[in-house]
Amino acid sequence: MTDSAPDPRRGRRQLLLIALVFFLPIALAAALALSGWVPAARSHGEPIVPQESFAALPVRLADGKDWPWRAATPQYTLLALAGPGCGAACVGKLDLLHRAQVGLTNGSDKLRLLYLGAPPTLAHATPVMQAWAVGTTRAPQLLRFVPTQPDSVAAILVAADGTAIVHYPPTVSAADINKDLRRLFK
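Each step along the sequence shown adds one to the number in my numbering, with nothing skipped, and position 122 is 156.
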């Protein structure tokens, strides 16, 4: 009978294999991060990169007061920007966005609605616009978000600290914005 001695390299190989199992995912994540890869966002809007602070953006409300970007209780703001001539399609989307806010059973009090621009003049727009704070601003940083198509609405989701997070161009439906809001206020 031969008594075989254990191979001293076997233990080292096992230790190296265990270390590789733990450090390989870390090395892969570091390589992806350094290459600039970002996982796909599930948002229907376009992330605002770099993020902008609207905290100092002057907005004058219809009642003459200034819009408080930082409310007493932390609240997000859904900012609606209308294109030229807010007509039936524009008012319809504003109504759907208000309904989306009301439908947030757990978060409806955590989302404020702000409309910037000339209020729509349609007769049926009055009840819709009662849900929105209406204001004006001459801030140039908003111009790139204002739609150029007539009778259209773009939206921006602004965090409680006044940071603009996501831009929703007019092509994004109110239903898709609603999905994002429901995910946010889950």
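Where is the CB? At the ideal position from N, CA and C, for every residue including glycine.
What you are looking at is a predicted structure, and each value in this text was computed from that prediction instead of being measured.
- In the three-state DSSP reduction, G45 falls in the helix class (H, G or I).
- In this structure G196 is not in contact with R94, their Cβ atoms being roughly 16 angstroms apart against a cut-off of 8 angstroms.
- Distances from the CA of Q85 to each of V192, R46, G45, G169 were compared; the closest alpha carbon is that of V192.
- Residue burial is scored here from C-beta neighbours: D185 has at least 16 other C-beta atoms within 10 angstroms and is therefore classed as buried.
- Taking a C-beta distance under 9 angstroms as the contact criterion, G117 and Q183 qualify as a contact pair.
- When C-beta atoms of the stretch 162-177 are compared with those of the stretch 88-102, three or more pairs fall below 8 angstroms, so the two segments count as touching.
- By the Cβ neighbour-count rule, P161 is exposed, with fewer than 16 other Cβ atoms within 10 Å of its own.
- Its chain contains no residue whose beta carbon lies nearer than 6 angstroms to that of K220 once the 5 sequence neighbours on both sides are disregarded.
- Judged by DSSP in its simplified three-state form, H78 adopts coil rather than helix or strand.
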